[in-house]
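J.: At position 129 of the sequence shown (counting the first as 1) the number is 129 in full-length UniProt numbering, and the numbers step up by one without a gap. Here it is, the structure in full.
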Amino acid sequence: MKILPSAESTFAAPSPAPIKEDSKILLSSPHMTGNEMKYIEEAFRSNWIAPMGPNVDKFEKELANYTGVNAAAALSSGTAAIHLALQIIGVKPGDRVFCASLTFIASANPILYLGAEPVFIDSEEETWNMSPRALRRAFDDALSERKLPKAVIVVNLYGQSAKMDELMAICNEYRVPVIEDAAESLGSRYKDKASGSFGKFGIFSFNGNKIITASGGGMLVSNNEQAIQKARFLSSQAKDDAPFYKHSEVGYNYRMSNVLAGIGRAQLEAIDDRVEARRAVYKRYEEELADLPAVSFQPEIEGSFSNRWLTVMLLDPEVTRVTPHRLKRALESDNIEARYVWKPLHTQKLFETAKFYRHEGKVPVSEKLFKYGLCLPSGSNMTYDEQTRVIEGIRKMLV
Ligand SMILES: *Cc1c(COP(=O)(O)O)cnc(C)c1O
Numbered sequence: 001m002k003i004l005p006s007a008e009s010t011f012a013a014p015s016p017a018p019i020k021e022d023s024k025i026l027l028s029s030p031h032m033t034g035n036e037m038k039y040i041e042e043a044f045r046s047n048w049i050a051p052m053g054p055n056v057d058k059f060e061k062e063l064a065n066y067t068g069v070n071a072a073a074a075l076s077s078g079t080a081a082i083h084l085a086l087q088i089i090g091v092k093p094g095d096r097v098f099c100a101s102l103t104f105i106a107s108a109n110p111i112l113y114l115g116a117e118p119v120f121i122d123s124e125e126e127t128w129n130m131s132p133r134a135l136r137r138a139f140d141d142a143l144s145e146r147k148l149p150k151a152v153i154v155v156n157l158y159g160q161s162a163k164m165d166e167l168m169a170i171c172n173e174y175r176v177p178v179i180e181d182a183a184e185s186l187g188s189r190y191k192d193k194a195s196g197s198f199g200k201f202g203i204f205s206f207n208g209n210k211i212i213t214a215s216g217g218g219m220l221v222s223n224n225e226q227a228i229q230k231a232r233f234l235s236s237q238a239k240d241d242a243p244f245y246k247h248s249e250v251g252y253n254y255r256m257s258n259v260l261a262g263i264g265r266a267q268l269e270a271i272d273d274r275v276e277a278r279r280a281v282y283k284r285y286e287e288e289l290a291d292l293p294a295v296s297f298q299p300e301i302e303g304s305f306s307n308r309w310l311t312v313m314l315l316d317p318e319v320t321r322v323t324p325h326r327l328k329r330a331l332e333s334d335n336i337e338a339r340y341v342w343k344p345l346h347t348q349k350l351f352e353t354a355k356f357y358r359h360e361g362k363v364p365v366s367e368k369l370f371k372y373g374l375c376l377p378s379g380s381n382m383t384y385d386e387q388t389r390v391i392e393g394i395r396k397m398l399v
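Shown next, in the form of structure tokens:
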């Protein structure tokens with residue numbers, strides 16, 4: 001018997017395609033290479049399911065190589081790396097630490113863990129990072145009060161390096177060590193030196209939204225190998241060298257898992273591609289929004305190379321009445337995630353009693369950047385069409 005297709009199946013009108021919601025475009029989502037499982041399987045095969053292990057050792061060496069420093073310690077987070085850097089420098093309760101104001105809270109929380117006093121430094125307009133002028137004034141005051149800071153935490157926001165030459169010169173003059181928070185700037189350079197390699201310590205983060213990720217994790221780097229040895233010691237409960245459990249100082253459980261280090265290793269192999277992709281995302285935004293007089297972007301100063309972790313734009317209030325808040329909401333309704341610029345730490349309730357040094361003029365630069373800035377989707381895995389959607393969403397509001 002011949003089986004004929006039924007009339008219905010042949011001639012029925014095609015059912016209407018379900019209305020396809022545009023999928024959500026995220027700010028910065030993890031971008032796997034495909035090699036991660038290889039290193040994870042290695043960890044499983046050898047049963048190194050632990051903090052420490054061969055992936056951790058290799059990840060440390062590979063990252064130290066990539067950034068051109070002598071040594072690195074893989075840790076559970078970037079925040080842990082800042083905490084250990086401050087501890088090794090010898091920050092004690094009541095000590096002062098200078099810190100950039102325009103940054104994620106993680107830059108400054110470890111100052112509080114140690115009972116120290118944060119003093120916040122404004123941004124300058126050219127890099128959006130720590131103002132050398134404001135830093136100079138903060139040092140002048142600290143000197144006359146006879147209470148110099150124990151450390152200065154400089155941040156390279158959204159991938160753009162701070163003016164490291166000027167900042168290092170001031171800190172060196174007072175012999176105060178610098179911690180370079182390069183959580184957002186892996187792959188960036190300043191005068192042909194890797195971001196994160198300038199201070200006594202540099203820190204990186206491999207949180208899920210960073211340019212490369214280990215799902216979570218961080219790295220402390222330094223040219224001082226002894227200091228990194230000390231970090232490894234402190235991050236694994238400060239166990240003295242003895243046949244029994246011997247402890248003579250406070251320690252932490254801050255080591256990176258050998259499984260997660262496997263993810264990190266595969267990700268690091270792709271860092272240059274990721275930087276290129278994010279820079280291409282930035283370039284397209286810049287080109288396709290160039291005719292809008294209200295729009296400008298975080299600059300890339302001469303002599304620096306930004307990984308463009310996030311493309312951040314500013315809306316000029318003298319040209320448009322559209323605020324970042326309104327634009328963010330409009331993009332949200334198109335299923336596009338945008339985020340505010342970090343809210344300056346000197347304006348946070350947590351730090352309401354902290355001192356603050358502004359760059360110049362009445363309104364702090366960091367507050368202006370917060371008020372008029374918006375971070376755009378910038379993932380290295382964004383498609384061309386996704387980016388077109390973001391660009392159209394912005395143009396709809398601003399043209
Ligand atoms: C992400 C980030 C950190 C903290 O890193 P974690 O790994 O999430 O602890 C620190 N500083 C800045 C500027 C960051 O963006």
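Virtual Cβ for every residue (Gly too), placed ideally from N, Cα, C.
Using 10 angstroms around the beta-carbon of residue 94, count the other beta-carbons present and answer buried if the total reaches 16, otherwise exposed.
T.: Per the 10 Å Cβ criterion, exposed.
J.: Where are the beta strand (DSSP E) runs, 3 residues long or more, that stay fully inside the segment 246-297, in chain order?
T.: Counting only runs of 3 or more, we get 295-297.
J.: With 16 other CB atoms within 10 Å as the buried threshold, where does residue 107 fall?
T.: buried
J.: Count the other CB atoms, across all protein chains shown, that sit within 10 Å of the CB of residue 204; report buried if there are 16 or more and exposed otherwise.
T.: buried
J.: Using the Cα positions of residue 251 and residue 23, report the straight-line distance between them to the nearest angstrom.
T.: 45 Å
J.: Considering only DSSP beta bridges, list what residue 118 is partnered with.
T.: As computed with DSSP, residue 118 is found in a beta bridge with 97.
J.: Check for me: the beta strand (DSSP E) holding residue 356 runs from which residue to which?
T.: 355-357
J.: What are the boundary residues of the beta strand (DSSP E) that includes residue 204?
T.: Bounds of the beta strand (DSSP E) holding residue 204 are 201-205.
J.: Spatial neighbours of residue 249 within its chain, please: CB distance less than 7 Å, with the 5 preceding and 5 following residues excluded, ordered by chain position.
T.: Residues 238 of the same chain have their beta carbon placed closer than 7 Å to that of residue 249, with the five preceding and five following residues left out of the count.
J.: Please state whether the Cβ-Cβ distance between residue 194 and residue 67 is less than 8 Å.
T.: yes
J.: Distance check for residue 381 and residue 11, CA to CA, integer angstroms please.
T.: Unreliable placement is indicated for residue 11, whose pLDDT of 45 sits below 50; no coordinate value is reported for it.
J.: Rounded to the nearest angstrom, what separates residue 160 and residue 232 at their Cα positions?
T.: 29 Å
J.: Can you tell me the Cα-Cα spacing of residue 65 and residue 254, whole angstroms?
T.: 22 Å
J.: Tell whether a beta-carbon distance below 8 Å holds between residue 391 and residue 327.
T.: no
J.: From the DSSP output, in three-state form, read off residue 336 for me.
T.: strand
J.: Helix, strand or coil: which one does DSSP assign to residue 174?
T.: Residue state, collapsed to three classes: coil.
J.: Indicate, with yes or no, if ligand 1 has a heavy atom lying under 7 Å from the CB of residue 103.
T.: yes
J.: Look up residue 208 in the DSSP assignment and say whether it is helix, strand or coil.
T.: coil
J.: Does residue 43 come out as helix, strand or coil in the three-state DSSP assignment?
T.: helix
J.: Where do the ends of the beta strand (DSSP E) carrying residue 153 lie?
T.: 151-155
J.: Less than 7 Å between the CB of residue 253 and some heavy atom of ligand 2, yes or no?
T.: Although ligand 2 was asked about, the structure shown includes only ligand 1 as ligands.
J.: Who does residue 400 pair with in a DSSP beta bridge?
T.: A query on residue 400 cannot be resolved here, the shown segment of the chain reaching from 1 to 399 and no further.
J.: Give the C-beta separation of residue 72 and residue 281 to the nearest angstrom, bearing in mind that I take them to be a contact with Cβ-Cβ under 8 Å.
T.: The beta-carbon distance between residue 72 and residue 281, rounded to whole angstroms, is 28 Å. This is too long to meet the 8 Å contact definition.
J.: Can you tell me which of the three DSSP states residue 10 falls into?
T.: Model confidence at residue 10 stands at a pLDDT of 43, short of 50, so the residue's coordinates are unreliable; what they give is reported in the following sentence. Note: residue 10 maps to helix in three-state DSSP.
J.: Hey, out of 320, 273, 261 and 339, whose CA is closest to residue 37's CA?
T.: 261
J.: Identify the residues that DSSP records as bridge partners of residue 51: which are they?
T.: 257
J.: Is it the case that the Cβ atoms of residue 320 and residue 218 are separated by a distance below 8 Å?
T.: no
J.: Hey, would you say the C-beta of residue 36 is under 7 Å away from at least one heavy atom of ligand 1?
T.: no
J.: Put residue 37 into one of helix, strand or coil per three-state DSSP.
T.: Residue 37 falls in the helix class under three-state DSSP.
J.: For residue 184, verify whether its CB is less than 7 Å away from any heavy atom of ligand 1.
T.: yes
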